[in-house]
Each structure stands twice: as structure tokens, then as C-alpha cells.
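What follows is a single structure, written as C-alpha cells, with notes after it.
Numbering (my numbering), first residue to last: 9 to 281.
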């Protein structure tokens, strides 16, 4: 699947009925659904309000993170970034939205991790201990690394899902919903981008571990091989391919600098025996 469509698509038929508000973030995040050729597609846009229309770059972040996880060979939800015209409340807007396939199988239902944990935990068992008991520790360690590399601020208990089939067999969903990451709070303010501290440990709402993405690396066993891929300096071109003109050169370079410097820091903390 081509992961970036810059040619303008007409998606005015979509019904953006699902709305998510994020504390401390202006605007809201709208979602839409479509069944096509026997498949269910989910659409979401970056920040939105009726005055500015689509603003922010959460959907671009989803594409960049999807590419990063593909490089590292970590199971994840693939996102496609689409330049589109959409309609909300009888008004037409143009911008970038992202699309993904439903990752649930036909006989599965989903449940937020925090809800499943509350129903099935043992006395005084932490979420991390619960994940280990259920065989999901590698997934959580991978998540800790990814969230550190991109400074993900939005890994609450419903942004991790469990998929339960008709026989009550449970599997953990691939990593998804990583838009509130990287430099999302800068919007298009070039001065804010220029001054942005790429290594700052931002306040986050993690369900697992601490409220610090860097501190959570301390839970990762040293020297443990978590994924088959490795990030190289020359991967910048592939990671940011096609995004010139969607984000400024300053913004794109800052994103790469952030990921690359955090990758080297991760290696210092976790790769040593």
C-alpha cells in the first residue's frame, strides 16, 4: 500500500461523527469510518476546529512513526497519509488525513487494556507485572522504546488494546495511535520549532511505568534484543520521503534530529550489557 497520497482526493462523503477531546490540546480530533470492498477503513484528521479547519500535524506524525516502526520491524498499525477535501457540518475543508485498516479479525471484540487489567489483575499487581504474567512483556518493552524515541505523550490505557475472540482467547493489538508525539505542540511556529528541546522529557500520561518516557527505559532489561531492525543515519531520507512541502524543512530536520539523538541515547541506556 502506498503510504502517502499527495494528489488531492475527494472524501467529502465521509461522515466525521466521532470526536475526541484531548486535555491541554486546542481543538478536537475527528474520526470517520468506511466499508469498502469488504474491508473496514478508519480515518482520522489532525486537530480541527470550525474556524481554522484542519491544523496541526498529528496525521503526518502517524505516517513518520509508522515508517519508523517498519524500519525497526515492530508490529504496528500501518497508516496512510492522504491529501483530501472533506466536509464537516456542511463546510468544506482541505488538508491531510490518515487512513488505516481495521486490525480486528471478524470474530474478535476489542477491550481497552486498562479495563481488562482492572477486571483480571491479581491483588497489588502493577500493569507491568500483569503484562509479564500474560506474556506481553516484549510488547511493553518495545512500546517503552518507541514512546521514548518519539516522545509520545498519549499512551493512556485505552491507547493499548486487547483483542478477544469468541473462545475468549486474547491477543494484544499492534501499536497504534502515535500522533501526539514528536513536535506536535509547535504547529507551524518556526521559532518554537527552532527552540524546541528534542531531548526534553515531557510530561506524559503513560498507563505503564512512570509518567516519564525516559524513566521507563529503566524497566527494559539491558542488552535485550527487542526488534530485528536498526536505525541508521542514512535512514533520514526514507523516513521523511515525500514530506517536503507538507512540513517545513526546519520541522522535518528537527524531527529527524529528535529521533536520531534519542536513538543514540536509547542505545546508551539499554544496549549495554
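Yeah, the Cβ is synthetic: ideal placement off N, Cα and C, and Gly gets one too.
By the neighbour-count criterion, in which 16 or more other beta carbons inside 10 Å mark a residue as buried, residue 204 falls on the buried side. Relative to residue 221, the option among 232, 207, 233 and 231 whose CA is nearest is 207. Judged by pairs of C-beta atoms under 8 Å, the segment 168-176 does not touch the segment 42-61, as fewer than three such pairs exist. According to DSSP, residue 90 shares a beta bridge with 13 and 105. Its Cα nearest to that of residue 275, the residue 232 stands out among 249, 243, 232 and 248. Distance between residue 146 and residue 234, taken at the CA atoms: about 7 Å.
DSSP places residue 169 within a strand segment (E or B) once states are collapsed to three.
Around residue 237, the same chain offers 79, 80 and 81 as residues with beta carbons nearer than 6 Å, after the five sequence neighbours per side are excluded.
For residue 48, the enclosing beta strand (DSSP E) stretches over residues 47-53. Burial of residue 135 is indicated by the presence of at least 16 other C-beta atoms within 10 angstroms of its C-beta. When only Cα atoms are considered, residue 24 and residue 150 end up about 32 Å apart. In the DSSP assignment, residue 276 falls within the unbroken alpha helix (DSSP H) covering 257-278. Per DSSP, the unbroken alpha helix (DSSP H) holding residue 79 starts and ends at 66-80.
Here residue 201 is actually not in contact with residue 164; their C-beta atoms are around 26 Å apart, not less than 8 Å.
The segment 95-113 makes no contact with the segment 151-163, as fewer than three CB pairs between them are under 8 Å. Within 10 angstroms of the beta-carbon of residue 123 lie fewer than 16 other beta-carbons, which makes it exposed. A straight-line Cα-Cα distance of about 32 Å links residue 87 and residue 128. In this structure, the beta-carbon distance from residue 184 to residue 66 does not fall below 7 Å. Residue 43 sits in a strand when the DSSP states are folded into three classes.
Within the segment 148-210, complete alpha helix (DSSP H) segments of at least 4 residues are found at 198-203, given in chain order. For residue 117, there is no enclosing alpha helix (DSSP H); the residue is found in the beta strand (DSSP E) stretching over 117-120. When secondary structure is reduced to three states using DSSP, residue 38 falls in the strand class. Segment contact: the segment 263-279 against the segment 90-107, fewer than three CB-CB distances shorter than 8 Å; contact not assigned. If you draw a straight line from the Cα of residue 103 to the Cα of residue 113, it is about 31 Å long.
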